Each structure stands twice: as structure tokens, then as C-alpha cells.
Amino acid sequence: MAAPTRRALIRALKRTGRIARAVIGWAALLLGAYFFAGWVGSSIPSNRDFRQAADGVEIMIGTNGVHTMVVVPIQSPDMDWSRIFPASELADPSRPYTHLGISWGQKEVFIDTPTWADLSPWLVLRVVALGGDGLMHVEHWVNPQPGANYRPLRISHDQYRALVRALLRDLPPRSPERQRYPGYGTNDVFYDARGTYTAYLTCNEWTGATLRQAGLPTGAWTPFESSVMKWVPQPEGGGTR
Numbered sequence: 727m728a729a730p731t732r733r734a735l736i737r738a739l740k741r742t743g744r745i746a747r748a749v750i751g752w753a754a755l756l757l758g759a760y761f762f763a764g765w766v767g768s769s770i771p772s773n774r775d776f777r778q779a780a781d782g783v784e785i786m787i788g789t790n791g792v793h794t795m796v797v798v799p800i801q802s803p804d805m806d807w808s809r810i811f812p813a814s815e816l817a818d819p820s821r822p823y824t825h826l827g828i829s830w831g832q833k834e835v836f837i838d839t840p841t842w843a844d845l846s847p848w849l850v851l852r853v854v855a856l857g858g859d860g861l862m863h864v865e866h867w868v869n870p871q872p873g874a875n876y877r878p879l880r881i882s883h884d885q886y887r888a889l890v891r892a893l894l895r896d897l898p899p900r901s902p903e904r905q906r907y908p909g910y911g912t913n914d915v916f917y918d919a920r921g922t923y924t925a926y927l928t929c930n931e932w933t934g935a936t937l938r939q940a941g942l943p944t945g946a947w948t949p950f951e952s953s954v955m956k957w958v959p960q961p962e963g964g965g966t967r
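Heads up: the sequence shown begins at 727 in the numbering used here, then just goes up one per residue.
Below, the structure is given as C-alpha cells:
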């Protein structure tokens, strides 16, 4: 290789390296700004006057460490969830289910990643950059127990009815055309939902928006799991699900 050509190649490699470092630096800066904005937004209280009701409905806010959900009793004087999410749509409808865990997220992530090992970095980057269609995940449980990951709140009947409306805001009406998909096990199922997943409207911000609409304690913007859970006290004595 002639000396001028070699020098040109070296200059091109150096220029490429500078561009790559700049791109990585800006990406790291944007990521840091996003996390900082999430911390600030989730630290601004919504519904700061909330007090747990002496008499009302006990719900729970659940987490798997990354993703949050709202847990509600299937039957109560204010709502019969079996009309909306019947157990007959499960792989195992025979168990005496008492509660539902309801959450929302990005369709491709929900359906194509049954375990965290299935979640590729490329999928994460694509979802963060481009977003995607929303999907609702509904888990049916039998007498879930309060604990560090399932934290109870006793709310008034008015608040619970507002919570019901908030949980249903992105669910299309039940009809033969409403699409559903098999869940990860025998006790859960997915439903097509309204809304588009974005870097702003994450699965956890959907939970936070649901709580805000019902007058329950949360932050002004809750993009992360910790953004939601830090507003819900753990039950005394801990416990497990």
C-alpha cells in the first residue's frame, strides 16, 4: 500500500473513531438526562392529600422488579370484573380466582419475550426509539398475599370506581372482534389495547397515570418501576405473595 493511501486510511479511521465517540457520548448524555427527568418527575407528588380509607376496597400495587400492575378483587359491590375478563378466556378457567393483576405495555415485548432472557438489547433500543402498539396483560390469581412486591392500599368506593374507569380507558369494548392472545401460563391472557408505547408513556407511566386519575398517591411522571413503587408503603411485617 502506498504511503499516501495508508495515511488516508489512518485519517479515515481516526475520523470514524471520533464520530463513534461523539455518538456514544451524546447517547450517554441523553440516557442520563432521561433517567434524571424520570427521577425528578416521579418525585413530584400527585394526590398528596390521599389517606387510606377506613372502609372501602383493598387493592394492591404489584411489581416484578421491572414492571408494575394494579391488583383488584374480581368481585366487589362496585365492579364485577368477570364481565370484562372472564375466566373462560384462560387456559385454566377452573380455579377459584379472586383477584386480577392488570397492566399495560408494548405488544411485541409482551408477546415475544416470555422471559427476561428473551429480551434482546436490539428490541429494547427499537422500542425506546420507535415505540409500538399497546397491549393489556391480565393475570388471574387466587388470594394473593400482601408483601414487598404486592403492596396493599385501602381506598374509598369513589376512588375505586374512578380506578375502574382508569383501568378500562385503553381497553376496547368487549366484543367478538376484541383480539386476545395466550398468556405466559394457564392463568393469564393478553388483550389488544388502545394507546402507543413511547419513551414517555411506558408501562410504568401507564400505571402511574391510572393511579393519578383515581386520586391515588404517585408521582407526576413515573416511567420506571421504582417511580411507582416508592409511593406505596410496604405492609408492616413484610410477607410474600
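A virtual CB, placed ideally from N, CA and C, is assigned to each residue, including glycine. Given the structure is predicted, the values throughout are model-derived calculations rather than measurements.
Rounding to the nearest angstrom, what Cα-Cα distance links residue i and residue j in this structure?
i      : j      : result
Ser846 : Ala780 : 46 Å
Val915 : Trp848 : 26 Å
Pro899 : Tyr917 : 11 Å
Asn875 : Gly764 : 21 Å
Ile785 : Val853 : 30 Å
Trp932 : Ser829 : 8 Å
Thr794 : Met862 : 12 Å
Phe762 : Ser820 : 46 Å
Leu851 : Val835 : 12 Å
Ser882 : Ile837 : 35 Å
Phe950 : Ala892 : 19 Å
Leu937 : Met805 : 17 Å
Ser769 : Gln778 : 20 Å
Met955 : Trp947 : 13 Å
Ala738 : Gly941 : 58 Å
Check whether the Cβ atoms of residue i and residue j sit closer than 8 Å, and answer yes or no.
i      : j      : result
Thr827 : Trp867 : As written in the sequence, residue 827 is Gly, which differs from the Thr given in the question. Their beta carbons are under 8 Å apart, which means Gly827 touches Trp867 by this criterion.
Ser772 : Gly945 : yes
Thr912 : Ala813 : no
Pro872 : His825 : no
Gly788 : Val797 : yes
Ala919 : Asp896 : yes
Pro959 : Arg877 : yes
Tyr923 : Gly831 : yes
Phe811 : Val890 : no
Where does residue i land, buried or exposed, given buried means 16+ other C-beta within 10 angstroms?
i      : result
Tyr886 : buried
Asn930 : buried
Pro943 : buried
Val766 : exposed
Tyr823 : buried
Gln905 : exposed
Ala855 : exposed
Gly934 : buried
Gly758 : exposed
Leu879 : buried
Ile736 : exposed
Glu962 : exposed
I want to check one thing, is the minimum distance from the CB of residue i to the heavy atoms of the ligand HEM below 7 Å?
i      : result
Ser882 : Summarising the ligand content, the structure contains no ligands, and the ligand HEM is consequently not present.
Problem set entry | Whole runs of the beta strand (DSSP E) within the region 879-932, excluding any shorter than 3 residues | Fully contained in the region 879-932 are the following beta strand (DSSP E) runs of length 3 or more, in chain order: 906-908 and 914-923.
Problem set entry | alpha helix (DSSP H) segments (min. 4 residues) lying fully within the region 798-872 | For the region 798-872, the full-length alpha helix (DSSP H) segments reaching 4 residues or more read 833-838 and 847-856 along the chain.
For this session: At 4 residues or longer, and completely inside the region 930-959: list those alpha helix (DSSP H) runs for me, N to C.
Result: For the region 930-959, whole alpha helix (DSSP H) runs of length 4 or above, ordered along the chain, are 951-955.
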